[in-house]
Structure formats: C-alpha cells, structure tokens
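J.:
There are 6 protein chains.
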Amino acid sequence: MPQESHLTHVDETGAARMVDVSAKAVSDRRATAAGRVRTTVEVVDLLRRDGLPKGDALAVARLAGIMGAKRTPDLIPLCHPIGLHGVKIELDLTADTVEITAVTKTADRTGVEMEALTAVATAGLAMIDMIKAVDPAASLENIRVLRKEGGKTGDWVRPEERP
Amino acid sequence: MPQESHLTHVDETGAARMVDVSAKAVSDRRATAAGRVRTTVEVVDLLRRDGLPKGDALAVARLAGIMGAKRTPDLIPLCHPIGLHGVKIELDLTADTVEITAVTKTADRTGVEMEALTAVATAGLAMIDMIKAVDPAASLENIRVLRKEGGKTGDWVRPEERP
Amino acid sequence: MPQESHLTHVDETGAARMVDVSAKAVSDRRATAAGRVRTTVEVVDLLRRDGLPKGDALAVARLAGIMGAKRTPDLIPLCHPIGLHGVKIELDLTADTVEITAVTKTADRTGVEMEALTAVATAGLAMIDMIKAVDPAASLENIRVLRKEGGKTGDWVRPEERP
Amino acid sequence: MPQESHLTHVDETGAARMVDVSAKAVSDRRATAAGRVRTTVEVVDLLRRDGLPKGDALAVARLAGIMGAKRTPDLIPLCHPIGLHGVKIELDLTADTVEITAVTKTADRTGVEMEALTAVATAGLAMIDMIKAVDPAASLENIRVLRKEGGKTGDWVRPEERP
Amino acid sequence: MPQESHLTHVDETGAARMVDVSAKAVSDRRATAAGRVRTTVEVVDLLRRDGLPKGDALAVARLAGIMGAKRTPDLIPLCHPIGLHGVKIELDLTADTVEITAVTKTADRTGVEMEALTAVATAGLAMIDMIKAVDPAASLENIRVLRKEGGKTGDWVRPEERP
Amino acid sequence: MPQESHLTHVDETGAARMVDVSAKAVSDRRATAAGRVRTTVEVVDLLRRDGLPKGDALAVARLAGIMGAKRTPDLIPLCHPIGLHGVKIELDLTADTVEITAVTKTADRTGVEMEALTAVATAGLAMIDMIKAVDPAASLENIRVLRKEGGKTGDWVRPEERP
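Residue numbers (our numbering), protein chains in the order written: chain A, 32 to 194; chain B, 32 to 194; chain C, 32 to 194; chain D, 32 to 194; chain E, 32 to 194; chain F, 32 to 194.
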C-alpha cells in the first residue's frame, strides 16, 4: 500500500472534509484489527466462571463490538457511511488479559479498517465497563490494524505480522 | 473506593442487566482518563505544521472525543443514559505520540469514568483516521482511568498517579 | 425458501456474529409485515374523530414506523446496515383495533423483513404511546412477516396467506 | 390511575406535541411489560442447546432489549428523553415460545412504561432476527404493560394480573 | 441577560470544550424560536388542500421538529445532553410561506434555545424535503430566538419583539 | 429539471411514505447549498482573532456540518438512507456574517440536496451555539440549494445563479 505524505482528510488550507470517494470502485475489502484489555488474574477468573448458561459478560463485549462497528460513521467525523457486510469479534482469555480481534468486510467504495478498530475499541470499553467495579485500573491496550485487504491501494500487513 | 468481588452488571444467573441506580444520590462526580496515539515522527510533524488557521486536524480529534462522550450510553450496552455536564479534551504532541486526556463532569446518579474513557478512545480513533493514509501502523495505547472523584464509593486514584 | 436447521447468526461455538453478505448479489427485495394494536371502541372512536385538519394521531404512528424502519440496524444487533429504498405504512381502523401493514423495498444484498417488522413494531409502540392515557391496557399483537420477495432464497408467503 | 378521555399528545386542534412535564415531580417510577415470541418446538430446542459457553442467542435478545429501552425517545416521536435508571430483561423458554419480561426504573418526571414496552419489542425483534432463517413464520405477540408504579397517577395493574 | 465578550465554548487557547454546568441550578427554562420556509403560492395551495384526513404533509414537519429538538446534543457538538420536558411546534401558512414557531421547556441546568432553534431548522428542512419536487428553489429563512425565559442569566426578548 | 405538480412524499390519500427508489439507477449526483449566519461585527472579529493554533470555533461549525450531513436520514422523516461519498463545507467571514457553503456527492439512487441543506443548517446552528453568549440575536438566513447535478431529472441551477 503506497502511503501518502500529507493528511488526506484536510484540504490545502487545513480545513477538514469528507474526501470524495464516489469515483472509487465497489470492491471486496476486508480489515482485521486487534487490541487487549489488561486486567487482573482475579477478573479473568470471574469471566471464565461466567462461562455458564446465561453467562453474558463476554457476549456484552462481542455485541458492543459488532454494534460499535455499525456506529463508526456516527463517531468518526470524517468517516464515510458505507455498507458494512460482515463483522466478527473474537475474544480470548489469557491469564490477565482479554485479547480482542475484529474482522470487518464490505463490498463498497472505501476500506473498513476504521470499522475494525472501532469494533475493537467498543468491545474493549464494554468489557472495562463490566469489570470496573472489581478492577478500576483495567486498561485498553494496543488497538491496531493487523491487516487490510482489497481496494485500490492493495493489501497491507502490519510489519510484525509479516512472515 | 471499596472494590466489588463480582461482576455487578450480571445477575446471579449470569444474565446482563442495567443496574438500578434510582436510589443513588444526585451528586457531583468527575473522572479523568488518558491514552495515547503512537505514530511516527513524520506524522507528528505534519500535525504540528497543521497548526495554522483552518488547521482542523487536532480539532477533529477533540470534537470526536467530546461527541463520543455524549454517545457513551449508545455504545456501551449496560451504561446508564445520564446528564453529562462538562467535557474537556486535551491533546499534547510529543516526538512520536499524541497524548490524550479527557475530563468529564456530572451532577447525576452514576460516575462518568466510562464517558471519560469513551472520549479518549473516540478522540484516538478519529486521530488514527486522520493519519492512517500516512501511517497505517498507528496504534491506540494505554486507555485508562487516572482518577475518579465524588459519588458514594468516594475518590480513587490510579496507583501510579498516587503521590 | 429453503430453511436453515441452525441459527445462522451464531458460529459453531455459539458466538454471535454479523454474517458476511458481501458475496450476495445486489437485487430487488421486498417484504410485507403486519401487526395490530388492540384497544377499546372508545379509543378507536377518538382516533376517527381526530380525522380532521391537523389530526396528527395516525400520522405520528405512520412516521414512527417509517423512521423506525431506518433505525433497524441500530436496534437489531446483528442486522446489516443496508440501503432502504422504500417504506409504506398502512393503518386501518376496525371497531377496536388499529391494523398496521408495512411494505419495505431495497435493491441491496440482504432481505428487508426485519425492516418491515421493525416498522410495524415502532408504529404500534407510537400508537400505544398516543393512547395510553386513555387505555393503559392497549396491547401490540401478532407482528409477523406476511411475505418476502426477491433474493437468493426466493419468495416466501406466510402459510395462512397462501391461496 | 384515573384515565383521560382525550388524546393527551395532540392539542385541541389535533396537532402533535411533546407534553410539558417540567412541573411534574421527580419521583421513583417503575414499569413492567411482557410479550412473547411464538415459534416452533424445533427453534426452542436450538435455543436450549445453545445454552453452552459462548451461547449468545439469548444474550443478543437481552442486550437488544436493554439498548432498545435506552433508544425509546429516539423511536417514539412524542416520548420525553428521560433518565433511565435500571432495566432488567427476563427470557423464559416454553415448549414453543420465548416469554419476555422487562422491568424499567427511573427517578425522573415521567413514567417508564414506553421504555418497558420498547425493551420487550426490541428483544422480541432481535430474537426473531436470530431465528428467522429456521422459522420464517415466527411472530411477536401480546406486548403489553403488566403494571406501573409511582408517579402522580399512582399504581396501575393490568386487570388480568390483579389478585 | 448580560452578554459575554468572548466565546464561552473555547478555552483561552482556543480549544473547544463542553462547558461545565454541573454547578448551575436546576430551574425552569423556556425558549421560543421562529423561522420561515419561503416557497410559491402553488405549493402553499397544495399544502392547504392536503388538509384532509390522512393529510400528513404538515404533520411530517411538526414531528421532524419535535424529534429534531431531541437530537440537539447529537447534532451540535458542544451542546449538553439535557432533559427536554416539552416541545410545541406551530406551523402557519401565509400566501407563499410556512411560518414555523417552536417552544421548548426544561427543568434542567442549561437553557433550551438551541433545542428551539434546532426544532425550527429540522421542521423547515423536512418541509423543504416534502415540497422540493414542486419547488426546488424553496428556502429556509430567518431562524432566530424570539425569547428566552428562566435560568441565571434571566429573561431575554429579541429587540424587535420588545413592547 | 422537470418539476412535479403534487407532493411526491404523500400518496393520493395524503399519507406520508418513503418513495420507492429501488428502480432508479446508481449514478453520480452532486448538490451545492448555501446559507448565512447573521451576527455582529464584534462576533466576526472574535472569530477572526480565533484564527490561531487551537482556534476551534470555525472547525466546530465545519465538523457539525459534515456530521449533520451524515445524520440527514435520521432527521428528515422521509429521506432515504443513502451512501454519502463526499462532503465539503466552506465558511467565509464577511463584516457581520459567516457565509456557509456545502457540497455533497454520492454515487447512489437519489439526490443529495437534502444532505447539503442539512449540512448548511447544522453548521449554522453550531456556529450560533458558539456565539450565542456574545450575540443572543444571531440568526440563520437564506438556506437554499444553489445547484444540483446528475440523476434522472438532470441538472438544476438556482435562477439567480444562472449566467
């Protein structure tokens, strides 16, 4: 993916704008983002024990992520409202973190990496909301794009994810 | 702030719920959260040069943060819709990061730390959206509550912020 | 319409997801749903008398239904945000009910039966809000899809609507 | 609860308005509403089997109901935006239905029965969305207020719920 | 109403903020705003003829105004989300204009003149949407506050409305 | 652009509807709208002085306009939710006014003049919110479409803008 040397979302005078993408082709695009909620061993243990019927704690974060992805153009001022055609959130528990991965898909005119990042952030915030009474120091870490596929600029893989 | 030993947002069967706060007192409450966009020296330089009339890049992140704080109950499934009475976002440029701080205030029945965290996350996501064409590897780091004042549970200061 | 034997909105582990529809064709799709507000003869009489200039009671329900259809992806966690290309709400007064029918149209990648059902439900809720001071026992009944046309799975007509 | 003999949401000319409640007292108010998704024995069986770790099907409906309650003033044109201080959704599986109950609480100037009804309707719509590929004929039935407590008009219990 | 000599919504460095109002008293506040859609004699005639049963054209504008008032904090970046306790929209047809007046009421910590102005603007935009196929040159004129009552700064009446 | 002689958004009985556009072609469409905030020489001077680093006052209006354009289908009851592919807001200061111009672009099935008008109105309302403490009499004037390009009905230029 060739990179720009200026901020595309502001014009030459510095004024913000929503860039015109009407001439870009409708094509399959896909993005993967990840992040992590850092908490305590005690909290991860509570989340594991919650893995029972009606154990909604992880579901709350998963659904917040999916619904957050849909709200991306409402939240990010210069993002285009686009068709969002698929969202999947994966949550993995380690000893003291919840690892969050989001995959977003579209067949539209712009990429969906902001949707993937927003999904991770919203899932992480919802998780912190669930656990903050137990661990008020929980933090949300390392929200980043892992890879981006499709579209005119082509594929991009995060350096540390390259083979 | 005494801490809970269970997840307050799920009942004893594990079912999610919005906890009843109608009996809590209306009182002044305040939260401070922080986070950071990690990017490149080149991008921070572009953001600094943008410090001209009509230089909207930092304003986009500040406003996204303020508006994001207002959307917290829409985004976080079990958050209460409350009166939000003040929001301030501060952005500081270092060599290769944008440091984000958000302060939220309310005179209502629940704390506003989720609003502060959401403000930081939304400001950070909007900043990444601004710079992603130049730095597709930009990441959002270390979103956390610094302090929380007011309300029944009393004040809480993040351990590393304590004197 | 061939029917599935598992829940498509959860994966094999039971985790919720927004199913990827990016490979589905853009095609004309249409859905009709119906429902009913059950109230009293007195209320239906008030609604009829309101059929004067500036008689907004039925208009409130019609517009709530149209606007509700547009909010479907905000309300239904796993629904796709799609182009919604036409909505029509019909309200018919009987002796003690308001019969609601909604027709939704799209030329997009997924069906619009959830939009039709949401339109009926929102119109019905708005109607109940209008009349609840007079009839606190008003209820919303029998919200269902009558028919569904277009898309890969083909047409479906509710059994009791078949000739 | 004394009942009105005219539609309070329209003025004497029939024009819709949001009634002025600024003079009403802030007081504890509570509402309970219920409804039912009617489907097939096969679907209820799928939902029961989903009662495993990561079984999100019921959680989707519960969260849709809670978040739907918060969106009530966005959906119902003449509803007041109020503080919503607690929401609880209960889902019970019978042989071929999912029974939905919602309890809403506030300490504000108007009742919360529309929030309870909207919670039931949104939970039911989300449930239908989950199962519609298996049972396209699933319907949403009998959405109604069971009881209403607090506020100037006093308590109201649905006739068939009275002792 | 004593007037400020600086912009209260930006701090001394020019950064936007949502001003902290948590120390302001809850009190009755009220605002009246007005505006006008300028169109043609032909269009006003169509609107008058629409004054029949099911004549929804004016109802669309009235409801858009009421719902727009509720969306004010979503639309105006630095507006506080407050309790909105009453909204009334009046539409009057002259020979070639639709005169719009909105009255908003609250018992909360900030004034509601932005809500009244947003109600007028949204009602006017919805009216233009209704008539634009007939009169593409219709315009929205003279949206302004007529008067503002209550709150610490006291009452203010627009100069040309003073006796 | 041939003009209609009836209101297209209501059917023959006067009932509001969202007109079916699913058969309209996807094509490039563009609209330009303008308007003006009328205020005092003192306020325009404050806005000019704010043209410093972190001078967010004009940015607030620009971003409100862009985000407002995206909210058009939420605000205007019978507007279609469409892909919005570009938005640009220009603000020009004269002696005692802020002149607002908005250009909107789409490659979708309906025109974007309502999006352009909503962008102008929202930018203007946000500007009034910024300055209302200094000039409570500020007004929003002359919101109108300047031109409209593309789509089946062809181009339209406001009479006073024609050469």
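Idealized CB from N, CA, C, for every residue including glycine. These figures come from a predicted structure and were not determined experimentally.
May I have the straight-line CA-CA distance separating B/Met98 from E/Leu109, to the nearest angstrom?
T.: Taking the first residue of the second sequence as position 1, residue 98 of chain B is located at position 67. Taking the first residue of the fifth sequence as position 1, residue 109 of chain E is located at position 78. Distance between the alpha carbons of B/Met98 and E/Leu109 is about 8 Å.
J.: Do the stretch 47 to 65 of chain D and the stretch 127 to 142 of chain D make contact, defined as three or more Cβ pairs closer than 8 Å?
T.: At 8 Å Cβ cutoff, the stretches touch.
J.: Do E/Met145 and F/Leu122 come within 8 Å of each other at the CB atom, strictly closer than that value?
T.: The residue you call residue 122 of chain F lines up with position 91 of the sixth sequence. The residue you call residue 145 of chain E lines up with position 114 of the fifth sequence. Cβ atoms of F/Leu122 and E/Met145: not closer than 8 Å.
J.: From the beta carbon of A/Thr39, is the nearest beta carbon of chain B less than 8 Å away?
T.: Reading the first sequence from its first residue, position 8 is the one you call residue 39 of chain A. Output row for A/Thr39: interface = yes.
J.: At the level of alpha carbons, what is the spacing between C/Gly185 and E/Pro104?
T.: In the third sequence, the residue the question calls residue 185 of chain C occupies position 154. In the fifth sequence, the residue the question calls residue 104 of chain E occupies position 73. Going from the Cα of C/Gly185 to the Cα of E/Pro104 covers about 43 Å.
J.: For A/Lys101, report the span of its alpha helix (DSSP H) as first-last.
T.: Indexing the first sequence from 1 puts residue 101 of chain A at position 70. Looking at the DSSP string, the run of the alpha helix (DSSP H) that includes A/Lys101 is 88 to 101.
J.: Please decide whether F/Met161 counts as near chain E, where near means a Cβ-Cβ distance under 8 Å.
T.: In the sixth sequence, the residue the question calls residue 161 of chain F occupies position 130. Yes, contact with chain E.
J.: By DSSP, does D/His37 sit in helix, in strand, or in coil?
T.: What you label residue 37 of chain D is simply residue 6 of the fourth sequence in a count that begins at 1. Coil at D/His37, not helix or strand.
J.: Give me, in chain order, the residues of the same chain whose beta-carbon lies closer than 7 Å to that of B/Leu148; leave out the 5 immediate sequence neighbours on both sides.
T.: In the second sequence, the residue the question calls residue 148 of chain B occupies position 117. Hits under 7 Å: Ala64, Ile174, Val176.
J.: Are the CB atoms of B/Gly96 and B/Val151 nearer to each other than 8 Å?
T.: Sequence index remark: in the second sequence, residue 96 of chain B carries index 65 (1-based). Sequence index remark: in the second sequence, residue 151 of chain B carries index 120 (1-based). Yes; because the gap between Cβ atoms is below 8 Å, this pair is in contact.
J.: Out of B/Arg48, B/Leu77, B/Leu38, B/Gly142, which has the shortest C-alpha to C-alpha gap to B/Lys179?
T.: As a first step, residue 179 of chain B must be located in the second sequence, where it is residue number 148. With distances taken between Cα atoms, B/Lys179 lies closest to B/Gly142.
J.: What number of angstroms, rounded off, separates the C-alpha of D/His37 from the C-alpha of C/Ala90?
T.: To locate residue 37 of chain D, count along the fourth sequence from 1; it is residue 6. To locate residue 90 of chain C, count along the third sequence from 1; it is residue 59. Taking the straight line from one Cα to the other gives about 17 Å.
J.: Measure the CB-CB distance between C/Val118 and C/Met158 and report whether it falls below 8 Å.
T.: To locate residue 118 of chain C, count along the third sequence from 1; it is residue 87. To locate residue 158 of chain C, count along the third sequence from 1; it is residue 127. Going by C-beta atoms, C/Val118 is not nearer than 8 Å to C/Met158.
J.: Out of F/Asp87, F/Asp166, F/Glu192, F/Ser53, which one is the CA nearest neighbour of F/Arg140?
T.: Indexing the sixth sequence from 1 puts residue 140 of chain F at position 109. Taking only the C-alpha atoms, the option nearest F/Arg140 is F/Ser53.
J.: Are the Cβ atoms of D/Met49 and C/His40 separated by less than 8 Å?
T.: Within the fourth sequence, numbered from 1, the residue matching residue 49 of chain D stands at position 18. Within the third sequence, numbered from 1, the residue matching residue 40 of chain C stands at position 9. Cβ atoms of D/Met49 and C/His40: not closer than 8 Å.
J.: Which whole-angstrom value describes the C-beta separation of A/Ala164 and B/Glu35, a residue pair presumed to lie in contact below a C-beta threshold of 8 Å?
T.: Stepping through the first sequence from its first residue, residue 164 of chain A is reached at position 133. Stepping through the second sequence from its first residue, residue 35 of chain B is reached at position 4. Going by Cβ atoms, the distance from A/Ala164 to B/Glu35 rounds to 4 Å, so yes, they are a contact pair.
J.: Identify whether D/Lys79 lies in helix, strand or coil by the three-state DSSP scheme.
T.: Here residue 79 of chain D corresponds to residue number 48 of the fourth sequence, with the count starting at 1. Reading off the sequence, residue 79 of chain D comes out as Arg, not Lys. Correct three-state label for D/Arg79: helix.
J.: For C/Ala126, I'd like the list of residues in its chain whose CB is within less than 8 Å of its CB, leaving aside the five on either flank, ordered along the chain.
T.: Working through the third sequence from its first residue, we reach residue 126 of chain C at position 95. So the list reads Val72, Val75, once near-sequence residues are dropped.
J.: Grab me the residues of C/Ala154's own chain with a C-beta within less than 6 Å of its C-beta, minus the 5 sequence neighbours each way, in chain order.
T.: Counting from one through the third sequence, the residue named residue 154 of chain C turns up at place 123. Answer for C/Ala154: Ala92, Ala95, Gly96, Ile120, Ile131, listed in chain order.
J.: So if DSSP puts C/Lys179 in a beta bridge, which residue, or which two residues, is it bridged to?
T.: Taking the third sequence and counting its residues from 1, the one referred to as residue 179 of chain C is at position 148. Beta-bridge pairing links C/Lys179 to C/Ala62, C/Trp187.
J.: Any idea which residues DSSP pairs D/Met49 with across the strands?
T.: Walking along the fourth sequence from the start, residue 49 of chain D turns up at place 18. E/Val118.
J.: Would you call C/Ala56 buried or exposed, if buried means 16 or more other Cβ atoms sit within 10 Å of its Cβ?
T.: Start at 1 with the first residue of the third sequence, and residue 56 of chain C comes out as number 25. Its Cβ having fewer than 16 others within 10 Å, C/Ala56 is exposed.
J.: Got a sec: which bits of the stretch 93 to 110 of chain C sit with their beta carbon under 9 Å from any beta carbon on chain D, in order along the chain?
T.: Taking 9 Å as the Cβ-Cβ cut-off against chain D, the residues of the stretch 93 to 110 of chain C that qualify are Leu94, Ala95, Met98, Gly99, Arg102, Thr103, Asp105, Leu106, Ile107, Pro108, Leu109, Cys110.
J.: What does the alpha-carbon distance come out to for the pair F/Ile107 and E/Ser170?
T.: Counting from one through the sixth sequence, the residue named residue 107 of chain F turns up at place 76. Counting from one through the fifth sequence, the residue named residue 170 of chain E turns up at place 139. Going from the Cα of F/Ile107 to the Cα of E/Ser170 covers about 16 Å.
J.: Let's test the definition: count the other Cβ atoms within 10 Å of the Cβ of E/Met112 and tell me whether it reaches 16, buried, or not, exposed.
T.: For this step, residue 112 of chain E is matched to residue 81 along the fifth sequence. With the sequence shown as reference, residue 112 of chain E is identified as Pro, and Met is not the correct amino acid for it. It counts as buried.
J.: Quick check: the Cα distance between F/Val188 and E/Thr70, rounded to an integer number of angstroms?
T.: Numbered from 1 along the sixth sequence, position 157 holds the residue referred to as residue 188 of chain F. Numbered from 1 along the fifth sequence, position 39 holds the residue referred to as residue 70 of chain E. Whole-angstrom Cα-Cα distance: 16 Å.
J.: Roughly how many whole angstroms lie between the Cα atoms of F/Leu77 and F/Asp87?
T.: As a first step, residue 77 of chain F is located in the sixth sequence; it is residue number 46 there, counting from the start. As a first step, residue 87 of chain F is located in the sixth sequence; it is residue number 56 there, counting from the start. So the alpha carbons of these two residues sit roughly 12 Å apart.
J.: If you run the structure through DSSP and keep just helix, strand and coil, what is E/Thr128?
T.: On the fifth sequence, position 97 is the one that residue 128 of chain E refers to. Of the three classes helix, strand and coil, the one that applies to E/Thr128 here is strand, per DSSP.
J.: Cβ closer than 7 Å: which chain C residues qualify as neighbours of F/Ser53?
T.: To locate residue 53 of chain F, count along the sixth sequence from 1; it is residue 22. Under the 7 Å cutoff, chain C gives Asp59, His116, Gly117, Lys136, Thr137, Ala138.
J.: Mind checking which residues open and close the alpha helix (DSSP H) that includes F/Leu109?
T.: The count along the sixth sequence starts at 1 and reaches residue 109 of chain F at position 78. Per DSSP, F/Leu109 belongs to no alpha helix (DSSP H) and is neither H nor E.
J.: CA-CA distance, B/Gly66 and E/Leu124?
T.: Numbered from its first residue, the second sequence carries residue 66 of chain B at position 35. Numbered from its first residue, the fifth sequence carries residue 124 of chain E at position 93. Taking the straight line joining both Cα atoms gives about 54 Å.
J.: What does the Cβ neighbour count give for B/Pro167, buried or exposed, with the cut at 16 atoms within 10 Å?
T.: The residue labelled residue 167 of chain B in the question sits at position 136 within the second sequence. Counting Cβ neighbours within 10 Å, B/Pro167 comes out buried, since at least 16 surround it.
J.: Who are the near neighbours of E/Leu192 in its chain, counting only those whose CB is closer than 6 Å to its CB and skipping five residues on each side?
T.: Working through the fifth sequence from its first residue, we reach residue 192 of chain E at position 161. Just to set this straight, residue 192 of chain E is Glu in the shown sequence, not Leu. Hits under 6 Å: Leu177.
J.: So for C/Asp139, helix, strand or coil by DSSP?
T.: Locating residue 139 of chain C in the third sequence gives position 108, counting from the first residue. In this structure, C/Asp139 counts as strand in the three-state DSSP scheme.
J.: Flag D/Pro112 as yes if its beta-carbon sits less than 8 Å from any beta-carbon of chain E, otherwise no.
T.: Taking the fourth sequence and counting its residues from 1, one reaches residue 112 of chain D at position 81. So, interface residue.
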